[in-house]
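So in numbering that gives the first Met the number 0, the last spot in the sequence shown is 91, and the numbers never skip. Think of the CB as a built atom: it goes at the ideal place given N, C-alpha and C, for glycine as much as any other residue.
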Amino acid sequence: MNLLIIRLIIFGVLFFAGMKLYGIYREWQMERAARLTRENRREGGQMVRCRWCDVHVPEDEALRDNAEWFCSTAHRDRFAQEQRRSSTSDDH
Ligand SMILES: [Zn+2]
């Protein structure tokens, strides 16, 4: 009977220790992942040029439309508009 209680206590202690270790491990892993993404962002912070206004913007903040880069939706729309207009005038 006593042995069963001791076993239960040991099991409980091991269980909680495991949970605690798992929590520490998860925290470490998340911290590491966050640090890696921060580093990637800093290193991979390539600059692209807005097709419309020639302003340089970081790639992750820029908008991509087909092969062109834009600094904002407004400039993307302006460029698309301009292209539509020139293509329709070319037809005539
Ligand atoms: Zn622009």
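- The bridge partners DSSP lists for MET46 are PRO57.
- Following the DSSP letters along the chain, one finds TRP51 in no beta strand (DSSP E), marked with neither H nor E.
- Distances from the CB of HIS55 to the heavy atoms of ligand 1 are all 6 angstroms or more.
- Excluding its 5 nearest sequence neighbours in each direction, CYS70 has C-beta neighbours in its own chain below 7 angstroms: CYS49, CYS52, VAL54, VAL56 and ALA61, listed in chain order.
- Under the 10 Å beta carbon count, TRP68 is surrounded by 16 or more other beta carbons and is classified as buried.
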